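Heads up: the sequence lines are chains A and B, in that order.
Going by my numbering, the first sequence opens with residue 1, and the numbers climb by one from there.
Going by my numbering, the second sequence opens with residue 258, and the numbers climb by one from there.
Cβ atoms here follow ideal geometry from the backbone N, Cα and C, with glycine treated the same way.
Since we're looking at a predicted model, the values are computed, not measured.
Scroll down for the structure; my scribbles are underneath it.
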Amino acid sequence: MSDYALELRGVTKKFGKTEIIRGVDLQVRPGERVAVIGPNGAGKSTLFNLISGRFGPTSGEILLAGQRIDHRKPFEINRMGLSRSFQITNIFPKLSVFENLRCAVLWSLGYRYTFLKFLSGLKDANERAEQLMEMIRLDKKRDTLAMNLTYAEQRALEIGITIAGGAQVILLDEPTAGMSKSETQRFIHLIREVTEGRTLLTVEHDMGVVFGLADRIAVVVYGEVIAFDTPEAVRANPKVQEAYLGSVIAESQAGGH
Amino acid sequence: MSQAVYRFKPINVGRWVIWSLFALLMLVAPLLFTSNLSVTMLAQMGIAIIACLSYNILLGQGGMLSFGHAVYTGLGAYVAMHALNAATAGTLAIPVSLLPLVGGVAGMGFAVLLGYVTTRKSGTPFAMITLGVAELVFAMSLMFSEFFGGEAGISGNRVVGQPFFGITYGPQIQVYYLIAVYTFVSVAAMYALTQTPLGRILNAVRDNPERVEFIGYNTQRVRYLAFIIAGFFAGISGGLATINFEIVTAEVVGAARSGGYLLFTFLGGATFFFGPIIGGILMVIAFVLLSELTKAWLLYLGLIFLFMVMYAPGGIASLIMMNLRVAKYGKLRQIWTSYLGLGLTALVMLAGAGAMIEMVYHLQLNSALGDQVRFMGMTLNARGLDSWFGAAFVMLTGLGLFELARRQYVHEWGEIQEEIEKEIKRREMTV
């Protein structure tokens with residue numbers, strides 16, 4: 001068994017001749033909350049896509065609790081205990097809130113591809129879906145089709161689907177993108193609550209959120225992790241300030257504390 | 258806590274009523290429509306309903322547009338026919354009542370084989386592959402005449418062995434009841450499928466295949482399993498057709514048949530479970546009655562299809578459900594005059610267009626019989642200027658009035674939907 005919930009060893013990714021990820025090493029301990037920050041186009045989303053199996057790395061290894069997951073299919077990685085959300089809302093628009101969540105719990109409860117049991121009789125799946133619905137505060141919208149929810153509600157549903165299967169490692173790709181300040185505040189609270197006790201990796205732009213949420217911060221610039229440390233240390237890191245963060249951190253210090 | 262929040266209803270009264278009515282309807286239908294033609298048609302409707310519903314597992318439930326569903330109904334029919342002939346020859350001991358299952362297993366077997374390739378892809382590539390597979394099988398049907406019987410096809414005799422409780426399957430009515438039993442069980446089983454984990458994940462694959470991959474499911478596997486199940490029920494439909502018609506020809510695996518399933522499933526409505534049932538019934542009415550009524554029936558069918566795709570893409574089922582919603586809020590009264598207007602003006606338009614279509618067909622096909630065309634109780638002259646002018650006038654008048662009625666209707670419909678939305682909001686607030 002590995003000491004790390006998630007580990008990247010010398011991961012690179014090339015699209016054609018362009019190297020998007022250039023040798024990333026990263027070790028995330030179980031239960032840790034890690035924020036991945038960096039300028040637009042630094043490769044944060046690509047990193048998430050590599051980890052979650054949307055595509056394989058050009059070289060390097062990715063390990064989930066000590067097991068290789070690079071070059072595995074997304075559904076295999078999910079079954080091994082890693083789940084992700086998407087920057088652009090990615091839900092089942094024509095299914096109700098309840099159905100969305102129930103679909104997301106089915107595999108983990110062992111129902112797989114069965115067509116010999118009725119959904120209505122799956123007590124554990126139904127209860128789990130109801131529970132999740134309460135957790136993401138959508139229990140009043142139980143039978144509303146996902147496409148008819150407000151944007152913030154859809155984002156909450158996205159998180160609900162992501163955590164539904166009980167994965168131990170959760171990847172959230174810009175969970176608060178496009179939300180207002182007050183919505184973001186409430187949402188961060190929600191994310192804290194629902195990912196309690198799990199390992200969390202999140203891409204985030206709002207520095208207030210990052211410093212409030214993360215145990216450690218990974219700074220990605222041009223496809224490389226230039227710093228991976230506690231918020232205080234990252235803030236003080238001259239390399240980070242020089243490369244990217246100086247102005248932003250100064251702002252958040254002035255305004256946020 | 259959230260225990261027992263889930264409203265599990267072991268006995269759903271409404272559901273029992275609907276299924277009982279469905280069974281009752283099939284039971285008494287041949288007692289109400291007793292003529293030979295109607296019993297034949299009822300039997301064919303059962304066959305078509307199973308075929309269209311099985312097709313809708315792909316199209317409506319799984320978002321898979323197949324252009325080759327007749328491959329599975331057709332091959333099921335062929336295998337069932339060979340089994341029937343083997344039973345007649347005494348080489349295979351199988352009762353006629355189980356032949357549809359032979360067809361079903363055959364359909365499933367071919368779906369296991371061919372679907373493995375087909376369901377690797379989704380969307381347009383899937384549609385193209387099904388088209389290719391359909392062409393392949395049709396080409397083979399012309400090559401292997403031992404199995405497919407060449408141009409004449411293969412025929413058989415469904416009266417085999419000792420009568421069982423007096424059932425010989427000689428009389429059409431006995432065949433009807435065999436088909437009715439299979440139809441009821443198949444429809445119930447296919448409905449049950451929509452209520453299972455696989456059925457729901459299939460909907461999820463239809464809506465957002467990428468997301469399904471990230472909740473632990475292999476979308477290819479989901480599509481493949483659905484395809485196999487659809488193949489099984491398609492095969493049952495084929496097996497029943499074998500018993501009903503006692504002949505199978507190569508056209509049952511042909512593109513026209515596949516197109517028919519697609520067209521009528523769509524017409525009936527792919528978005529609701531019961532849509533393809535309506536589609537299957539319409540299919541038989543069109544193929545048996547409409548084709549008797551006029552030589553131009555395919556043209557009319559094409560027009561209806563075009564019209565539906567443009568104005569009611571959800572098919573007849575969605576029209577019914579939308580109006581049920583309006584009725585539920587007590588607003589059907591506001592709009593029924595509009596429907597009357599739409600119906601009447603459409604009839605006028607159709608009468609004019611129909612007259613012209615019939616005259617064209619008459620000139621093309623029957624001009625040796627003279628220029629007289631009988632149409633809706635009138636005698637038209639296919640070469641007469643006044644007949645053409647009259648028909649054109651009627652059609653254009655109808656078209657104009659229809660457009661007026663349509664605008665009025667769209668306006669009223671919009672208002673009613675707004676009122677309903679407000680009503681829903683109001684109710685939500687008070688809860």
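(request) Could you check the C-alpha separation between F15(A) and F55(A) for me, to the nearest Å? (result) Counted from its first residue, the first sequence places residue 15(A) at position 15. Counted from its first residue, the first sequence places residue 55(A) at position 55. Approximately 11 Å, taken between the alpha carbons.
(request) Quick one: grab the DSSP three-state call for N313(B). (result) What you label residue 313(B) is simply residue 56 of the second sequence in a count that begins at 1. Note: N313(B) maps to helix in three-state DSSP.
(message) Taking 8 Å as the threshold (beta carbon to beta carbon), is F75(A) in contact with chain D?
(response) Among the chains of the structure shown, chain D does not appear; the protein chains present are A and B.
(request) Measure from the alpha carbon of N342(B) to the alpha carbon of each residue in S575(B), F383(B), V362(B) and R415(B), then state which is nearest. (result) Residue numbering aside, residue 342(B) sits at position 85 when the second sequence is read from its first letter. Proximity to N342(B) across S575(B), F383(B), V362(B) and R415(B) peaks at R415(B), based on C-alpha coordinates.
(request) Assess, as a yes-or-no matter, whether the segment 523-530 of chain B is touched by the segment 344-359 of chain B under the definition of 3 or more beta carbon pairs within less than 8 Å. (result) Here the segment 344-359 of chain B does not lie against the segment 523-530 of chain B, with fewer than 3 beta-carbon pairs under 8 Å apart.
(request) Specify the secondary structure class of R631(B) as computed by DSSP and reduced to three states. (result) To locate residue 631(B), count along the second sequence from 1; it is residue 374. R631(B) falls in the strand class under three-state DSSP.
(request) Could you tell me whether the segment 220-229 of chain A touches the segment 24-43 of chain A, using the rule of 3 or more Cβ pairs below 8 Å? (result) Yes, since at least three Cβ pairs between the segment 220-229 of chain A and the segment 24-43 of chain A fall closer than 8 Å, the two stretches touch.
(request) Kindly indicate which residue of R79(A), N49(A) and W107(A) has the alpha-carbon position closest to the one of T85(A). (result) Locating residue 85(A) in the first sequence gives position 85, counting from the first residue. The sequence given here has Ser at residue 85(A), not Thr. In terms of Cα proximity to S85(A), the closest of R79(A), N49(A) and W107(A) is N49(A).
(message) I need the straight-line Cα distance from G60(A) to A236(A), nearest angstrom please.
(response) Your numbering for residue 60(A) matches position 60 in the first sequence. Your numbering for residue 236(A) matches position 236 in the first sequence. Here the C-alpha atom of G60(A) lies approximately 30 Å from the C-alpha atom of A236(A).
(message) Below 8 Å, how does it come out for the segment 199-206 of chain A and the segment 156-172 of chain A: are there three or more Cβ pairs, yes or no?
(response) These segments touch.
(message) Does chain A have any CB closer than 8 Å to the CB of G559(B)?
(response) Along the second sequence, read from residue 1 onward, the residue named residue 559(B) stands at position 302. No, because no Cβ of chain A sits closer than 8 Å to the Cβ of G559(B).
(message) 8 Å is my cut-off, CB to CB: does E467(B) come that close to chain A?
(response) Counting from 1 along the second sequence, the entry for residue 467(B) is found at position 210. So, interface residue.
(request) Kindly list the residues whose CB is nearer than 6 Å to the CB of L450(B), restricted to its own chain and excluding five residues on each side of it in sequence; keep chain order. (result) Along the second sequence, one-based indexing puts residue 450(B) at 193. Hits under 6 Å: G456.
(request) Using the DSSP secondary-structure output, state which residues sit across from Q67(A) in a beta bridge. (result) Here residue 67(A) refers to the residue found at position 67 when the first sequence is read from its first residue. Residue pairing by DSSP places Q67(A) opposite L64(A) in a beta bridge.
(request) Mark S644(B) as exposed unless 16 or more other C-beta atoms lie within 10 angstroms of its C-beta, in which case mark it buried. (result) Counting from one through the second sequence, the residue named residue 644(B) turns up at place 387. S644(B) comes out buried.
(request) Name the one or two DSSP bridge partners that R9(A) has. (result) Taking the first sequence and counting its residues from 1, one reaches residue 9(A) at position 9. In the DSSP output, where bridge partners are listed per residue, R9(A) has E61(A).
(request) Determine whether the Cβ of L450(B) lies closer than 8 Å to any Cβ atom of chain A. (result) Translated into positions along the second sequence, residue 450(B) becomes position 193. Interface residue, yes.
(request) Given a cut-off of 8 Å, decide if V362(B) and T375(B) are closer than it, judged by their beta-carbon atoms. (result) Position 118 of the second sequence, counted from the first residue, corresponds to residue 375(B). Position 105 of the second sequence, counted from the first residue, corresponds to residue 362(B). Not in contact: T375(B) and V362(B) (Cβ atoms no closer than 8 Å).
(request) In angstroms with no decimal places, state the Cα-to-Cα distance between V353(B) and P428(B). (result) Position 96 of the second sequence, counted from the start, is the residue given in the question as residue 353(B). Position 171 of the second sequence, counted from the start, is the residue given in the question as residue 428(B). In a straight line, the C-alpha of V353(B) is about 14 Å away from that of P428(B).
(request) Determine the direct distance from the alpha carbon of P57(A) to that of E19(A), and round the result to whole angstroms. (result) For the purposes of this step, residue 19(A) is taken as residue 19 along the first sequence, with counting starting at 1. For the purposes of this step, residue 57(A) is taken as residue 57 along the first sequence, with counting starting at 1. Rounded to the nearest whole angstrom, the CA to CA distance from E19(A) to P57(A) is 11 Å.
(message) Given this structure, state the Cα-to-Cα distance separating L198(B) from F383(B), to the nearest angstrom.
(response) Outside the shown range of chain B (258 to 688) lies residue 198(B), about which nothing can therefore be said.
(request) Could you tell me if Y312(B) is buried or exposed, where buried requires 16 or more neighbouring beta carbons within 10 angstroms of its beta carbon? (result) As a first step, residue 312(B) is located in the second sequence; it is residue number 55 there, counting from the start. So Y312(B) counts as buried.
(request) Give a yes or no on whether 8 Å exceeds the smallest Cβ distance from L6(A) to chain B. (result) Locating residue 6(A) in the first sequence gives position 6, where the first residue counts as 1. Taking a beta-carbon distance threshold of 8 Å, L6(A) does not count as an interface residue toward chain B.
(request) Determine the chain B residues that contact L119(A) at a beta-carbon separation under 7 Å, and present them in chain order. (result) If you number the first sequence from 1, residue 119(A) lands on position 119. Those within 7 Å of L119(A) in chain B are Q452, T453, P454 and R457.
(request) Can you give me the Cβ contacts of V167(A) inside the same chain, cut-off strictly under 6 Å, excluding the 5 residues immediately before and after it? (result) Reading the first sequence from its first residue, position 167 is the one you call residue 167(A). Going by the sequence as given, residue 167(A) is Ala instead of Val. Within its own chain, the residues whose Cβ lies closer than 6 Å to the Cβ of A167(A), once the five positions on either side in sequence are excluded, are G81, L82 and S83, listed in chain order.
(request) Please decide whether R478(B) counts as near chain A, where near means a Cβ-Cβ distance under 8 Å. (result) Stepping through the second sequence from its first residue, residue 478(B) is reached at position 221. Yes, its Cβ sits closer than 8 Å to a Cβ of chain A.
(message) Please tell me whether L294(B) and M447(B) are closer than 8 Å, where the distance is taken between their beta carbons.
(response) Position 37 of the second sequence, counting from 1, holds the residue named residue 294(B). Position 190 of the second sequence, counting from 1, holds the residue named residue 447(B). Against a cut-off of 8 Å, the Cβ pair of M447(B) and L294(B) comes out as no contact.
(request) Please compile the residues from chain A whose C-beta is within a distance smaller than 7 Å of the C-beta of N460(B). (result) On the second sequence, position 203 is the one that residue 460(B) refers to. Per Cβ cutoff of 7 Å: L95.
(request) Compute the beta-carbon to beta-carbon distance between L149(A) and L157(A), rounded to the nearest angstrom, for a pair I have assumed lies under 8 Å. (result) Indexing the first sequence from 1 puts residue 149(A) at position 149. Indexing the first sequence from 1 puts residue 157(A) at position 157. Indeed, because the Cβ distance is near 7 Å, the residues count as touching under 8 Å.
(request) Kindly indicate if chain A contains any beta-carbon less than 8 Å away from that of E470(B). (result) Counting from one through the second sequence, the residue named residue 470(B) turns up at place 213. Yes, because at least one Cβ of chain A sits closer than 8 Å to the Cβ of E470(B).
(message) Mapping the DSSP letters down to three states, classify V510(B) as helix, strand or coil.
(response) As a first step, residue 510(B) is located in the second sequence; it is residue number 253 there, counting from the start. Here V510(B) sits in helix by DSSP.
(request) On the DSSP bridge assignment, give the partners of D173(A) in chain order. (result) Locating residue 173(A) in the first sequence gives position 173, where the first residue counts as 1. Answer is V203(A), bridged to D173(A).
(message) Here's the rule I'm using: 16 or more other beta-carbon atoms within 10 Å means buried, otherwise exposed. How should S292(B) be labelled?
(response) Within the second sequence, residue 292(B) is the residue found at index 35, counting from 1. Taking all protein chains in view, the Cβ of S292(B) is surrounded by fewer than 16 other Cβ atoms within 10 Å, so the residue is classified as exposed.
(request) Grab me the residues of R68(A)'s own chain with a C-beta within less than 8 Å of its C-beta, minus the 5 sequence neighbours each way, in chain order. (result) Numbered from its first residue, the first sequence carries residue 68(A) at position 68. Closer than 8 Å at the Cβ level, and outside the excluded window around R68(A), lie E61 and I62.
(message) Helix, strand or coil for E19(A)? Go by DSSP, reduced to three states.
(response) To locate residue 19(A), count along the first sequence from 1; it is residue 19. E19(A) falls in the strand class under three-state DSSP.
(message) Quick check: the Cα distance between L288(B) and S443(B), rounded to an integer number of angstroms?
(response) Here residue 288(B) is taken as the residue at index 31 of the second sequence, counted from 1. Here residue 443(B) is taken as the residue at index 186 of the second sequence, counted from 1. Rounded to whole angstroms, L288(B) to S443(B) spans 23 Å at the Cα level.
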